[in-house]
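**Student:**
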Amino acid sequence: MSKRAVLEVIALDAEDAIAAQAGGADRLELVTDMAADGLTPSVATFAAIRAAVDIDLRVMLRLTDGFAAGDVERLVRVAGELRAAGADQFVLGFLDAEGGVDLKAVERLVAELDGCPWTFHRAIDHTADRDALRKQLADLPGLDTYLTAGSATGVAEGLPTLLAEAARAGEPGYEQQVMVGGGLVLEHVPQLLAAGIDAFHIGGAARPKGWEHPVSARAVEEWRRALEGF
6 MSKRAVLEVI ALDAEDAIAA QAGGADRLEL VTDMAADGLT PSVATFAAIR AAVDIDLRVM
66 LRLTDGFAAG DVERLVRVAG ELRAAGADQF VLGFLDAEGG VDLKAVERLV AELDGCPWTF
126 HRAIDHTADR DALRKQLADL PGLDTYLTAG SATGVAEGLP TLLAEAARAG EPGYEQQVMV
186 GGGLVLEHVP QLLAAGIDAF HIGGAARPKG WEHPVSARAV EEWRRALEGF
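Residue numbering for the sequence shown is 6 to 235, as defined by our numbering.
#1: Locate the alpha helix (DSSP H) running through Arg88, then write down its first and last residues.
#2: Taking buried to mean at least 16 other C-beta atoms within 10 Å of its own C-beta, is Glu78 buried or exposed?
#3: Which runs of the alpha helix (DSSP H) spanning at least 4 residues fall entirely within the region 127–184, listed in chain order?
#4: By the DSSP assignment, the beta strand (DSSP E) with Thr124 in it spans what residues?
#5: Would you report the Cα separation of Ala27 and Ala161, rounded to the nearest angstrom?
#6: For the beta strand (DSSP E) holding Glu192, just list the boundary residues, first then last.
#7: First and last residue of the beta strand (DSSP E) that includes Ile15?
#8: Excluding sequence positions up to five away, which residues of its chain have a Cβ less than 7 Å from the Cβ of Val14?
#9: Take the Cβ of Pro46 as the centre, count every other Cβ of all protein chains shown within 10 Å, and call the residue buried at 16 or more, exposed below.
#10: For the beta strand (DSSP E) containing Leu33, name the first residue and the last one.
#11: In terms of alpha-carbon separation, which member of Ile54, Gly201, Thr50, Ala10 lies closest to Ile23?
#12: So Val194 and Ala231 are supposed to be a Cβ contact under 8 Å. How far apart are they, rounded?
#13: Which same chain residues end up closer than 7 Å to Ala133 when comparing Cβ atoms and leaving out the 5 residues on each side of it in sequence?
#14: Smallest Cα separation from Phe125: which of Thr153, Ala174, Glu117, Asp144?
#15: Can you give me the C-alpha to C-alpha distance between Arg139 and Arg223, rounded to a whole angstrom?
#16: Who are the near neighbours of Gln181 in its chain, counting only those whose CB is closer than 7 Å to its CB and skipping five residues on each side?
#17: Ignore the nearest five residues each way along the sequence and tell me which others in Ala10's own chain have a CB closer than 6 Å to its CB.
#18: Can you say whether Gly98 is buried or exposed, counting buried as having 16 or more other CB atoms within 10 angstroms of its CB?
#19: Using DSSP's beta-bridge definition, name the partner residues of Asp61.
#20: Helix or strand or just coil, what does DSSP make of Val111?
#21: Any idea what DSSP makes of Ile23, helix, strand or coil?
#22: Would you kindly work out how many angstroms separate the C-alpha atoms of Pro165 and Ala128, rounded to a whole number?
#23: Pick helix, strand or coil for Ala56, following the three-state DSSP scheme.
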């Protein structure tokens with residue numbers, strides 16, 4: 006029997022979270038301000054969502070648009086506040102001015118997480134050297150997922166990269182789960198599943214009426230069925 010593929014849905018509030026879980030989401034990525042591509046939500050928002058659903062929650066740690074870390078000590082304080090409120094999974098990723106991983110900032114924040122599972126997000130799609138980034142991060146505690154489209158422009162362009170990296174699963178720097186997101190559409194799913202990719206991330210696809218409307222449980226259910234081969 007095949008392993009169930011992970012379906013992660015972006016949630017902005019408790020209404021989104023309830024609909025996503027009802028549709029079959031396995032996990033939520035919690036953010037605010039999608040105009041800035043998703044920033045850290047408030048502790049109150051996290052608490053409301055945690056009270057509303059019982060699936061896994063990964064909380065974004067990102068205070069400004071772009072991939073620069075900015076005020077790292079503020080990020081550390083925010084992470085501590087979220088952990089104190091019960092958050093135990095996170096999403097983060099920072100690049101330096103040259104497009105390489107900002108290892109100092111990532112290590113500082115990961116130390117505050119103290120072993121919590123975390124995802125390195127789509128900063129990987131904007132780095133100068135994906136392979137180097139993976140190998141630099143390989144031994145950091147808690148890192149279990151890369152959220153990636155394979156390209157800064159989205160899955161349609163990044164599909165060859167995603168397939169090539171999936172084929173390297175288990176190699177040094179490639180032990181983490183690949184979660185595909187960023188311009189992902191249902192038509193991509195069969196090829197990705199066939200390549201062994203078993204984690205998928207949707208945002209706008211869960212909101213057929215646009216970001217000004219909440220998550221649609223029916224849209225999430227359509228994705229759940231697709232991932233199960235129906």
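By construction, the Cβ of each residue, glycine as well, lies at the ideal position given by its N, Cα and C atoms. Model, not experiment: these values are computed from the prediction.
**Tutor:** Reading it off the structure:
#1: Working through the sequence shown from its first residue, we reach residue 88 at position 83. From DSSP, the alpha helix (DSSP H) with Arg88 extends over 77–89.
#2: Here the question's residue 78 lines up with position 73 in the sequence shown. Exposed, since its Cβ has fewer than 16 Cβ neighbours within 10 Å.
#3: 135–142, 160–171
#4: Against the sequence shown, residue 124 aligns to sequence position 119. Element bounds for Thr124: 123–125.
#5: As a working note, residue 27 is residue 22 in the sequence shown. As a working note, residue 161 is residue 156 in the sequence shown. Distance between the alpha carbons of Ala27 and Ala161: 29 Å.
#6: Along the sequence shown, read from residue 1 onward, the residue named residue 192 stands at position 187. Segment: none, Glu192 is in no beta strand (DSSP E) and carries neither H nor E.
#7: In the sequence shown, counting from the first residue as 1, residue 15 sits at position 10. Note, Ile15: beta strand (DSSP E), 11–16.
#8: Locating residue 14 in the sequence shown gives position 9, where the first residue counts as 1. If we look at Val14 and ignore the five residues flanking it on each side, its Cβ neighbours are Ala25, Ala30, Leu33, Ile207, Ala211, Val220, Val225.
#9: Taking the first residue of the sequence shown as 1, we reach residue 46 at position 41. Taking a 10 Å sphere around the C-beta of Pro46, we find 16 or more other C-beta atoms and assign the residue as buried.
#10: Walking along the sequence shown from the start, residue 33 turns up at place 28. Segment 32–35, the beta strand (DSSP E) holding Leu33.
#11: Locating residue 23 in the sequence shown gives position 18, where the first residue counts as 1. Per the Cα distances, Ile54.
#12: Here residue 194 is taken as the residue at index 189 of the sequence shown, counted from 1. Here residue 231 is taken as the residue at index 226 of the sequence shown, counted from 1. Rounded, the Cβ-Cβ distance is 5 Å, consistent with contact.
#13: For the purposes of this step, residue 133 is taken as the residue at position 128 of the sequence shown. Taken in chain order, the residues that qualify are Glu103, Gly104, Gly105.
#14: As a first step, residue 125 is located in the sequence shown; it is residue number 120 there, counting from the start. Ranking the options by Cα distance to Phe125, first place goes to Thr153.
#15: Reading the sequence shown from its first residue, position 134 is the one you call residue 139. Reading the sequence shown from its first residue, position 218 is the one you call residue 223. Distance between the alpha carbons of Arg139 and Arg223 is about 36 Å.
#16: Mapped onto the sequence shown, residue 181 falls at position 176. Closer than 7 Å at Cβ, skipping near neighbours: Leu148, Asp149, Thr150, Tyr151.
#17: By one-based count along the sequence shown, residue 10 stands at place 5. If we look at Ala10 and ignore the five residues flanking it on each side, its Cβ neighbours are Asp203, Leu232.
#18: Position 93 of the sequence shown, counted from the start, is the residue given in the question as residue 98. By the neighbour-count rule (16 or more Cβ atoms within 10 Å), Gly98 is buried.
#19: Indexing the sequence shown from 1 puts residue 61 at position 56. Bridge partners of Asp61: Arg32.
#20: Counted from its first residue, the sequence shown places residue 111 at position 106. If DSSP states are grouped into helix, strand and coil, Val111 belongs with the helices.
#21: If you number the sequence shown from 1, residue 23 lands on position 18. In the structure shown, Ile23 sits in a helix (DSSP, three-state: H, G or I).
#22: Indexing the sequence shown from 1 puts residue 165 at position 160. Indexing the sequence shown from 1 puts residue 128 at position 123. The alpha-carbon atoms of Pro165 and Ala128 are separated by roughly 18 Å.
#23: The sequence position of residue 56 within the sequence shown is 51, counting from 1. Helix, per DSSP.
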